[in-house]
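Taking it in order: structure first as structure tokens, then the write-up.
Number of protein chains: 2
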Amino acid sequence: MGTGVGTSIGKPGVKPGANPGSGSGKKPGGSADGGSAGRRARTARYDEKLNAVLSASSALFASKGYERASIRDVSRATGMSLAGLYYYFSSKEELLYLIQYRAFESICEELRKIIKREADPQVCLHAMIKMHFDYFIRNMNDLEICSREIEALKGEFYRKVADKRKEYFDLTQSIFDRIIDTAGGASADSRLAALYLFGTLNWIYQWYRPGRDPDAGEMARQLSGIYLQGVPRAGEVTSA
Amino acid sequence: MGTGVGTSIGKPGVKPGANPGSGSGKKPGGSADGGSAGRRARTARYDEKLNAVLSASSALFASKGYERASIRDVSRATGMSLAGLYYYFSSKEELLYLIQYRAFESICEELRKIIKREADPQVCLHAMIKMHFDYFIRNMNDLEICSREIEALKGEFYRKVADKRKEYFDLTQSIFDRIIDTAGGASADSRLAALYLFGTLNWIYQWYRPGRDPDAGEMARQLSGIYLQGVPRAGEVTSA
DNA sequence: AGTATTCGAACGGACGTTCGAACGATTCTT
DNA sequence: AAGAATCGTTCGAACGTCCGTTCGAATACT
């Protein structure tokens, strides 16, 4: 903040000096950027249009992949001109950043609520998994991008998203910590358990098809059943 | 095979007619291409150099991603000229195909051996997971590419790799089928269980670091423990 | 009038791929 | 054994295309 240079990106009309691929990418603004604050939402129209752009980009990035989807594709999908798009973001990378950051921010908030609400750690794990499946089904494109395009961001963009992802992970691991505290000494390691679970959750976009596969409730029941009792007894009820 | 047109790709010196991005991509040769057969391994020198090219490409694709890594990067990494590389493959896509196909082919073979060897389904699941971790640690780049770049292939290339992947999946699901047959009626669904496990296995490249994390044996013990008894009892011994 | 938003047109660069010529080794002919 | 022909292998240079981004002017809104 001291220099006053490059502290205000993402705001309409502000195009920072050209840093063609070289610089270390210190783009995102100072505080809570990526959410709704910090973007100077002058008009409701601006916010609506930005959301439309993000939604179209999300669908495109999800179906073609971030690298293969071009800004020209986004232009075609939104009906906006190539140059007009750059009024809403200052680089393709920021576009990806906004999608990822917002998704992690909102799913983190939902998880925090659950942890606050559920005292029993086993019930809490089930609620967490159920919430993740629900969120996934409501926002398949965003979560697919959060899983698949982790390494497409660099510099500050990467760091900010990585922090949010770590928050989501730490919250999940804390649930396993409590499960393991309750159980005896023959439990799994909480970090590994959380990593294993994250693999499963980050992979569902690869195979889940809404019509064919079970709904979120059934999927969560089976998965939490496995993690709490193993595959052979996954269907038994845990607690009253 | 009937037309005699485009039936022999991947062989040195054979450049099929230009189909710039449009055609449906019916490139891979008739039978068991992608392995060692079908590529007309005239000389040992050719095979060695091809393996060097594949290995360098694998490292590049793994670290930068398939799209971001360019043929010029491969050229730089191998010391060969841009044009010289095309003596060993006919397109960048075929390069990716060869890496993926060979990896799936060899890991499928290892899994078939395990299933033939282990009569107890629970021991078999543990052996499968252990084998996968071992294979991953020995071939991190290849498996990362198999997990991350699934959708980069199209047409026949995609189909051939998808078939191999399905074989690996079906073999794994068959293990869960036997586990569930043995157990009572409160088990998980075998297809879901296999999909959940695949998520975990396909995600390890995102976090596993050889020095920091447990070795393959310990990781397999914990993961199979979870799938057989759940997190709270993952450390208990299953059978004698 | 003044600000917010959109656009057509272009720039420079990176990409995958190809072409024809050359090099090196092996084989064939004499 | 010598020279020519063949084949496998490598290369420099270029082609055409697509990309992300920018500029200054034009339009819409308040």
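Heads up: the sequence lines are chains A and B, in that order. Going by the working numbering, the first residue of the first sequence is number 1240, and it counts up by one from there. Going by the working numbering, the first residue of the second sequence is number 1240, and it counts up by one from there. Cβ coordinates follow ideal geometry from the N, Cα and C atoms, glycine included. All figures in this text were calculated on a predicted structure; none of them were measured in a lab.
Item, Value
"So, using beta-carbon positions, are valine 1470 of chain A and alanine 1427 of chain B closer together than 8 Å?", "yes"
"If you draw a straight line from the C-alpha of isoleucine 1384 of chain B to the C-alpha of asparagine 1290 of chain B, how long is it?", "16 Å"
"Report the residues of the segment 1365-1389 of chain B with a CB closer than 8 Å to any CB of chain A, ordered along the chain.", "Arg1387 and Ile1389"
"Starting from serine 1386 of chain A, follow the alpha helix (DSSP H) in both directions and report where the run begins and ends.", "1379-1387"
"For alanine 1422 of chain B, count neighbouring Cβ atoms within 10 angstroms of its own Cβ and tell me buried if that reaches 16, exposed if not.", "buried"
"Please name the residue in A:Asp1402, A:Glu1475, A:Phe1437 and A:Leu1324 whose C-alpha comes closest to that of tyrosine 1340 of chain A.", "A:Asp1402"
"Taking phenylalanine 1300 of chain B and leucine 1335 of chain B to be in contact with their CB atoms under 8 Å, please state how far apart those CB atoms are, rounded to whole angstroms.", "7 Å"
"Can you check which of these residues, A:Ser1302, A:Leu1382, A:Thr1411 and A:Ile1418, is closest to tyrosine 1435 of chain A by C-alpha distance?", "A:Thr1411"
"Please list, in chain order, the chain A residues whose beta carbon lies closer than 8 Å to that of phenylalanine 1396 of chain B.", "None at all; the shortest Cβ gap to chain A is about 15 Å."
"Under 7 Å Cβ-Cβ, which residues of chain A neighbour phenylalanine 1437 of chain B?", "Trp1442"
"When you check each C-beta in the segment 1460-1475 of chain A against every C-beta of chain B, which residues fall closer than 8 Å?", "Gln1461, Leu1462, Gly1464, Ile1465, Tyr1466, Leu1467, Gln1468, Gly1469, Val1470, Pro1471, Arg1472, Ala1473, Gly1474 and Glu1475"
"Is leucine 1293 of chain A closer than 8 Å to methionine 1338 of chain A when the C-beta atoms are compared?", "According to the sequence displayed, residue 1338 of chain A carries isoleucine and not methionine. Yes, the pair counts as a contact, with Cβ atoms nearer than the cut-off."
"Classify aspartate 1428 of chain B as helix, strand or coil using the three-state DSSP reduction.", "coil"
"Can you tell which of B:Glu1457, B:Asn1380 and B:Trp1442 has the C-alpha that lies nearest to the C-alpha of lysine 1303 of chain B?", "B:Asn1380"
"Determine the extent of the alpha helix (DSSP H) in which leucine 1392 of chain B is found, giving its start and end residues.", "That residue, leucine 1392 of chain B, is in no alpha helix (DSSP H); it is neither H nor E in DSSP."
"Just confirm the distance between the C-beta atoms of isoleucine 1418 of chain B and leucine 1364 of chain B, as a whole number of angstroms; I'd bet it's less than 8 Å.", "6 Å"
"Might you give, ordered along the chain, the residues of its own chain that have their beta carbon closer than 7 Å to the beta carbon of isoleucine 1465 of chain A, omitting 5 neighbours on each side?", "Ala1473"
"Exposed or buried, what is arginine 1387 of chain B when buried is set at 16 or more other beta-carbons lying within 10 Å of its beta-carbon?", "buried"
"If we ignore side chains and look at the alpha-carbon of each, how far apart do phenylalanine 1437 of chain A and isoleucine 1353 of chain A end up?", "17 Å"
"How would you label serine 1309 of chain A, buried or exposed, when you count the other beta carbons within 10 angstroms and need 16 or more for buried?", "exposed"
"Could you list the residues in the segment 1424-1436 of chain B with a C-beta less than 8 Å from some C-beta on chain A, going in chain order?", "Gly1424, Ala1425, Ser1426, Ala1427, Asp1428, Leu1431, Ala1432, Leu1434, Tyr1435 and Leu1436"
"Alpha carbon to alpha carbon, how far is phenylalanine 1343 of chain A from arginine 1404 of chain A? Give it in angstroms, no decimals.", "7 Å"
"Glutamate 1306 of chain B versus chain A: which residues are under 8 Å apart at the beta carbon?", "Gly1304, Glu1306 and Arg1307"
"How big is the Cα-Cα spacing for lysine 1355 of chain B and alanine 1366 of chain B?", "12 Å"
"With a threshold of 8 Å between beta carbons, is isoleucine 1310 of chain A in contact with chain B?", "no"
"Residues of the segment 1403-1422 of chain B in Cβ contact with chain A at a cutoff of 9 Å, in chain order, please.", "Phe1415, Ile1418, Ile1419, Thr1421 and Ala1422"
"At the level of alpha carbons, what is the spacing between serine 1261 of chain B and glycine 1394 of chain B?", "Residue confidence for serine 1261 of chain B is low, a pLDDT of 33 falling below 50, so the modelled location carries little weight and cannot support an answer."
"Hey, isoleucine 1468 of chain A and glutamate 1475 of chain A are a contact pair by Cβ (cut 8 Å); roughly how many whole angstroms apart?", "Inspection of the sequence shows that residue 1468 of chain A is occupied by glutamine rather than by isoleucine. Right, the Cβ-Cβ distance comes to about 6 Å (below 8 Å), so this counts as a contact."
"CA-CA distance, leucine 1330 of chain B and glutamate 1287 of chain B?", "It should be noted that the sequence gives serine, not leucine, for residue 1330 of chain B. Cα to Cα, the separation comes out at about 19 Å."
"What are the start and end residues of each continuous alpha helix (DSSP H) run of 4 or more residues lying completely inside the segment 1392-1421 of chain A, in chain order?", "1394-1421"
"Once you ignore the five residues that flank arginine 1430 of chain A on each side, which residues in its own chain have a CB closer than 7 Å to its CB?", "Gln1412"
"Looking at the structure shown, is alanine 1291 of chain B part of a helix, part of a strand, or coil, going by DSSP?", "helix"
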